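In full-length UniProt numbering, the protein residues as written are 1 to 213.
First comes the structure, then the notes that go with it.
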Amino acid sequence: MTENGENGRRERPRRSSDRILAAAAELARERGIHGTTIAAVSKRSGLPASSIYWHFADKDELFAEVIRTDFARWLTTVPQWNTPEGTSLRDGLAAILHTAMPKTLREVPDFIRIGMQVVLDQRENYTAARNAFLAARAQTFEMIRAWLDRNLPPETDPDDIESMARFILSFSDGALVAYQADPDLDIGAYVELFLDVFMEATELDRHEAAVER
């Protein structure tokens with residue numbers, strides 16, 4: 001077999017899986033996860049159900065891969081948790097949030113849209129998808145925690161750093177829900193308000209730690 005023929009055989013499964021993932025994500029945006037069936041994905045992708053089951057064991061595994069794939073794509077489109085040396089904590093956090101949050105809140109990436117549904121649905125139907133979303137959140141949390149660790153004084157308690165990282169992530173969660181309910185929400189103003197509260201809490205923690213020492 002020629003090299004082109006071998007490449008073609010490798011490319012076909014990849015293209016098929018991409019079409020399936022795109023169809024599943026599109027349908028989930030339109031109908032939600034419960035309204036998205038394998039039959040509907042088959043029709044939308046133009047591929048037989050047997051092709052879908054060749055790639056994915058079931059709908060749960062399909063949505064899990066949609067989450068993983070879309071999360072990886074999203075990471076390439078938003079600022080990374082990495083700011084220039086010498087940037088203050090507030091300025092660095094402001095630069096990241098003011099850039100990433102408006103984009104994320106307005107677009108609502110598929111991994112968040114689907115992930116929120118499977119997290120809220122506590123039935124065991126979507127265990128793989130739920131775990132994929134929780135893994136994405138854990139990775140995001142670790143990026144935030146590592147950034148804080150690099151930008152806070154070395155003596156900062158690791159438990160406090162974890163609490164701060166959870167605070168940032170929780171703010172993002174709340175802002176997402178608030179914006180979907182009220183698209184006129186001034187995202188920039190709420191980011192600034194959050195920064196004020198965050199910095200005040202950070203300074204208070206440092207002061208209390210200094211007093212205890």
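Cβ atoms here follow ideal geometry from the backbone N, Cα and C, with glycine treated the same way.
Model, not experiment: these values are computed from the prediction.
Taking all protein chains shown into account, T104 has 16 or more neighbouring C-beta atoms within 10 Å of its C-beta and is therefore buried. Segment contact: the stretch 68 to 88 against the stretch 36 to 44, fewer than three CB-CB distances shorter than 8 Å; contact not assigned. Its Cα nearest to that of I112, the residue R29 stands out among R29, K59, S17. Judged by pairs of C-beta atoms under 8 Å, the stretch 85 to 105 does not touch the stretch 48 to 58, as fewer than three such pairs exist. Put simply, of S51, E26, K43 the residue whose alpha carbon is nearest the alpha carbon of S16 is S51. Between D121 and V66, the gap from beta carbon to beta carbon reaches 7 Å or more. Contact annotation: A132 and A64 have beta-carbon atoms nearer than 7 Å. For L193, the number of other beta carbons within 10 angstroms of its own is below 16, and it is reported as exposed.
By the Cβ neighbour-count rule, V118 is buried, with 16 or more other Cβ atoms within 10 Å of its own. I144 sits away from A175, with the two beta carbons spaced by 7 Å or more. The beta carbon of A146 sits closer than 8 Å to those of W81, all from its chain and outside the five residues before and after it, given in chain order. In summary, V177 is exposed, with fewer than 16 beta-carbon neighbours lying within 10 Å of its beta-carbon over all protein chains present. At a Cβ-Cβ threshold of 7 Å, L195 and R90 count as neighbours.
With a 10 Å radius around the Cβ and a threshold of 16 neighbouring Cβ atoms, G92 comes out buried.
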